[in-house]
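Same order as they appear, the protein sequences are chains A and U.
Per my numbering, the very first residue in the first sequence carries number 5; after that it's consecutive.
Per my numbering, the very first residue in the second sequence carries number 5; after that it's consecutive.
Glycine included, every Cβ here is placed at the ideal spot set by N, Cα and C.
Protein chains: 2
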Amino acid sequence: MPTAEVLSQGDEIVTGQTVDSNAAWLAERLTDLGFTLVRHVGVGDRMPDLVGAFRTIDERADLCVCTGGLGPTDDDLTTAAVAEAFGCPVRLDEEALAQLRARYDRFGRKMAPVNERQAWLPEGCVRLDNDWGTAPGFAVRGSRALFACLPGVPREMRKMFDARVLPLLHEHFSLQPDQLVTLRCVGVGESDLQQALEGWEPANVTVGFRTKLPENHLKLRFSTSAEADHVMAVVEQALDRVGQWVFSVEGAPRPIHGWNTEGGDLATVVGRRLVARQHTLALAESCTGGRISAACTSMPGASAWFLEGLVTYSNAAKVRLLGVPEAVLAEHGAVSEAVARAMAAGVRERSGATWGVSVTGIAGPSGGSEHKPVGTVHLGLVGPSTEAHLALRLPGDRHRVQELSVAAALNLLRQHLA
Amino acid sequence: MPTAEVLSQGDEIVTGQTVDSNAAWLAERLTDLGFTLVRHVGVGDRMPDLVGAFRTIDERADLCVCTGGLGPTDDDLTTAAVAEAFGCPVRLDEEALAQLRARYDRFGRKMAPVNERQAWLPEGCVRLDNDWGTAPGFAVRGSRALFACLPGVPREMRKMFDARVLPLLHEHFSLQPDQLVTLRCVGVGESDLQQALEGWEPANVTVGFRTKLPENHLKLRFSTSAEADHVMAVVEQALDRVGQWVFSVEGAPRPIHGWNTEGGDLATVVGRRLVARQHTLALAESCTGGRISAACTSMPGASAWFLEGLVTYSNAAKVRLLGVPEAVLAEHGAVSEAVARAMAAGVRERSGATWGVSVTGIAGPSGGSEHKPVGTVHLGLVGPSTEAHLALRLPGDRHRVQELSVAAALNLLRQHLA
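What follows is the structure in structure tokens.
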């Protein structure tokens, strides 16, 4: 497999002002394409460091994707560093200049003379047009490595990678990307996933795990030549063992009956199912403090199925807005099965939604007791012909308890919509 | 100034499964301590790459902080790589072994034989005790650089850096950290900040900017020897120019009357002010979908001042829960000054809170019109003797409009609490 490195340029990276998310994004894409990622390098805006990095990488890798340093200011040095490292003069690219001018015209702004700098590119390079920002990128060959230089703005960088760099990679390398199927799980830890898979040793697949709070992913990696029948058989075996926690199967060669294979996070999957049934949702949140509503409304078009979310933090609000009886609060306490059920029923009835879902719990760090320690959470759900309750003991700090509660509530609803 | 590099180890870093937040955290801390950060390097779990990285870094830097590769499994290679790179044999550290055993005993678990590996350290190293996890770290000297090797788990790494590495650094280096004062701003872009500071050229300070959506930070960097009087004078000058957007001043040598110098994000600052006045808050959110409630309830103890947050996404919910007159909705539309004011008044009156704050807007991508394009947002506020309204045209995609609206709403309340 060809080897690749990722080079990130900029003082803001090297001094830690910015977390280098570009490097991880690129590394994951390149790995999936079939490159062996060997190294990440981050350097500041200093000419000798940059030139040195280009030359060293050229000695040991087949590909290097670089980000940053293509702007119009004096500390944008990538083009000059490439020119010095590989002895190719920098020249004005008329087409790049015309594109820059056209872009400024389109936004009715005048291009400052300094921006013309961005149209000077290393001689003999392949220009990578930037339809999403101003700075064009370029690709050049060293003695061994192919270098693709992209802007550091993540949005522009990602679009340009997909539209401009991918075709180049297929041209220059004979890539044999693995086939990757991801089973996205919630409500389970990695150790329980591993336990459920113990003794399962399918042939011709590499099994991996990845935690992405609140999700855990089971990754099944097949060779590029694996047959669809084999892949599907292995995926079905995995679902037999861990399916109870899976809300989405991504990358499978065929749809799987009864499973979401369209991708998306948990709220997206729930939203799609509600839309398909023309159902609506109302929420009553306490310890999650609006986070379930926020997850639902992060999607465009949520107003088709999301009616309202009541963050009833105080007991008075639970009584007034949801009709939870004061006697029930007094007898069971706000964090209890009875109150969770009453909250879900109350918000459903008053809003007229098809489904009412509630959460009440103790997110911490204080407020816990011996019988109800921090992490105690009760979920309630009321639907057209169902009522359900789930009691949880969640681990971790306040943030984690809140995030895991959001996922558990959405997952409870997803299961009832299955 | 001494130079430093950061080395991150692990296949999960180099293949992009994990974003390397350790590198940025360490780089920022080391920069603040007075090191010149030269480079970040990330390598996978391969012995030759690791040994090569240690040797190369030793040739060019005075300090290297390494993370990862200290676990008990076969792909944890840091100790062996250091031993090979610098020719120091690995030996069992009895004290480290005793600490490991004690830790397992404390949690009532049996230590697996494989964990004993973690007590084998390079001969002549300084052991860095890990009170927050299992793997101890260590520090060794190469021919030039001091290497400090820490676990990759961010929580353990950060605690160990502060408790174990910091003292070592002060021992080995004569550090002259800059004095850094940060003015945290909201509701303003970087270009407007720069404009407001145009022509201001104070002596003996470096002025920098950092965008951290939804905040913009103005950073004033002084030398270690700058006098407190000088620093305070420069900070006051900056506040004269940009104070209208500043909600927090961090790192100043003295408190500044009328300004929050205790740190914290916008919701924390608002919460502190409400607690100090024994005031309470109720929210009516539409386009922000619960995000203001989530920001408020991310703080422990929010129940002292946060009563409730109503995510009234549908018009029916605005009428039923907030008492917004149907005629007002029909005449002005849901996204309007009249509705924002009615929402704030309604939630305040019905909840009995001291303050009612509301947001209604168009987050996009669809739903905009010529008169009310995507990004149109109205904020309402009603307090004991105040009513206010703010109309905004926010840039960016759905996520950005939502995040900027949250900040604008909290900031409006903060200004009225000043």
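Have a look at V211/U, R324/U, E160/U and flag the residue whose alpha-carbon is nearest the alpha-carbon of N26/U. Residue E160/U is the option with its Cα nearest to N26/U.
Check the Cβ of E312/A against every Cβ in chain U and list those closer than 8 Å, keeping chain order. In chain order: L314, V315, T316, Y317, S318, A321, L325.
Three-state secondary structure (DSSP) at A31/A? A31/A: helix per DSSP, three-state reduction.
Reduced DSSP category for N415/A - H, G, I as helix; E, B as strand; rest coil: DSSP places N415/A in helix when its eight states are reduced to three.
Contact defined as beta carbons within less than 8 Å: I believe V253/A pairs with L197/A. What is the distance between those atoms, to the nearest angstrom? Wrong, their Cβ atoms sit about 15 Å apart, outside the cutoff.
In terms of alpha-carbon separation, which member of R324/A, Q419/A, K223/A lies closest to W359/A? When only C-alpha atoms are compared, the closest one is Q419/A.
is_contact[G293/A, chain U] using C-beta, thresh 8 Å: Residue-level contact by beta carbon holds for G293/A and chain U, with a gap shorter than 8 Å.
What is the rounded straight-line gap between the Cα of Q199/A and the Cα of V192/A? Using only the alpha carbons, I get a separation of about 11 Å.
Based on DSSP bridge pairs, tell me the residues matched to R225/A. DSSP lists L184/A, T210/A as partners of R225/A.
Label K216/U either buried or exposed according to how many other C-beta atoms from any shown protein chain fall within 10 Å of its C-beta, with 16 as the threshold for buried. Flag for K216/U reads exposed.
Using beta-carbon positions only, say whether P93/A and E127/A come within less than 8 Å of one another. When the beta-carbon positions are compared, P93/A and E127/A come within less than 8 Å of each other.
Can you tell me whether R113/U is buried or exposed, with buried defined as 16 or more other CB within 10 angstroms of its CB? Taking all protein chains in view, the Cβ of R113/U is surrounded by fewer than 16 other Cβ atoms within 10 Å, so the residue is classified as exposed.
Leaving aside the five residues before and after G73/U along the sequence, list all residues of the same chain whose C-beta is less than 6 Å from its C-beta, in chain order. Listed in chain order, the non-local C-beta contacts of G73/U below 6 Å within the same chain comprise Q13, D80, L81, T82, local neighbours out to five positions each way being set aside.
Closer than 8 Å between beta carbons: that is the criterion. Which residues of the segment 36 to 48 of chain U meet it against chain A? Contacts with chain A (Cβ-Cβ distance below 8 Å) from the segment 36 to 48 of chain U involve L41, V42, R43, H44, V45, G46, V47, G48, listed in chain order.
Quick one: what's got a C-beta closer than 6 Å to F177/A's C-beta in the same chain, skipping five residues either side? The residues are P6.
Using the rule of at least 16 other Cβ atoms within 10 Å of the residue's Cβ for burial, across every protein chain shown, is I260/U buried or exposed? I260/U counts as exposed, since fewer than 16 other beta carbons sit within 10 angstroms of its beta carbon.
Should the segment 356 to 371 of chain U be regarded as contacting the segment 299 to 311 of chain A, the criterion being three or more beta carbon pairs within less than 8 Å? Contact holds: three or more Cβ-Cβ distances are below 8 Å.
Would you check if the segment 26 to 39 of chain A and the segment 20 to 37 of chain U touch, i.e. whether three or more CB-CB distances between them fall below 8 Å? Judged by Cβ distances under 8 Å, the segment 20 to 37 of chain U makes contact with the segment 26 to 39 of chain A, as three or more pairs qualify.
Comparing C-alpha positions only, which one of G365/U, D109/U, R59/U, E98/U sits nearest to A85/U? Ranked by how close their Cα comes to the Cα of A85/U, the residues G365/U, D109/U, R59/U, E98/U have R59/U in first place.
Quick one, which residues of the segment 219 to 244 of chain U are near chain A if we go by CB-CB under 8 Å, in chain order? Near chain A, meaning a CB-to-CB distance below 8 Å, no residue of the segment 219 to 244 of chain U qualifies.
Assumed close pair D182/A, G38/A - CB separation to whole angstroms, cut-off 8 Å: Their Cβ separation, rounded to whole angstroms, is 7 Å, which keeps D182/A and G38/A in contact under 8 Å.
Quick one: measure Cβ to Cβ for G365/U and V381/U, integer angstroms, because I've assumed they're closer than 8 Å. Contact flag correct, Cβ pair sits at about 3 Å.
Does the beta carbon of P369/U sit closer than 8 Å to a beta carbon anywhere in chain A? Yes, P369/U counts as interfacial toward chain A.
Unbroken beta strand (DSSP E) runs of length 3 or more, entirely within the segment 80 to 157 of chain U: which are they? Under the rule that a run must span 3 or more residues, the beta strand (DSSP E) segments found entirely inside the segment 80 to 157 of chain U read 94 to 96, 124 to 126, 130 to 132, 141 to 145, 150 to 154.
To the nearest whole angstrom, what separates the beta carbons of E341/U and H375/U, a pair I think is in contact under 8 Å? Their Cβ separation, rounded to whole angstroms, is 13 Å, which puts E341/U and H375/U out of contact at 8 Å.
Chain U contact for R281/A (CB, 8 Å cutoff): Not one beta carbon of chain U lies nearer than 8 Å to the beta carbon of R281/A.
Which word fits N119/U, buried or exposed, when buried means at least 16 other C-beta atoms lie within 10 angstroms of its C-beta? Classification of N119/U: buried, given that the 10 Å Cβ count is 16 or more.
So the beta strand (DSSP E) F251/A belongs to, where does it begin and stop? Per DSSP, F251/A belongs to the beta strand (DSSP E) from 250 to 254.
Would the C-beta of G73/U count as close to the ligand NAD, meaning under 7 Å from any of its heavy atoms? The ligand NAD is not among the ligands present in this structure, which contains no ligands whatsoever.
Secondary structure of S12/U, DSSP reduced to three states: In the structure shown, S12/U sits in a strand (DSSP, three-state: E or B).
In the DSSP assignment, what residue or residues form a beta bridge with A392/A? Residue pairing by DSSP puts A392/A in a beta bridge opposite L385/A.
Is R121/U close to chain A? Criterion is C-beta to C-beta, closer than 8 Å. So, not an interface residue.
Candidates S227/U, A256/U, T228/U: closest to E240/U by CA position: With distances taken between Cα atoms, E240/U lies closest to A256/U.
Residue-chain proximity (W359/U, chain A), Cβ-Cβ < 8 Å: Interface flag for W359/U against chain A is unset, since no Cβ pair is found closer than 8 Å.
Pull the bridge partners of W204/A from the DSSP assignment, please. In the DSSP output, where bridge partners are listed per residue, W204/A has none listed.
Between the C-alpha atoms of A395/A and V378/A, what's the straight-line distance to the nearest angstrom? Distance between the alpha carbons of A395/A and V378/A: 13 Å.
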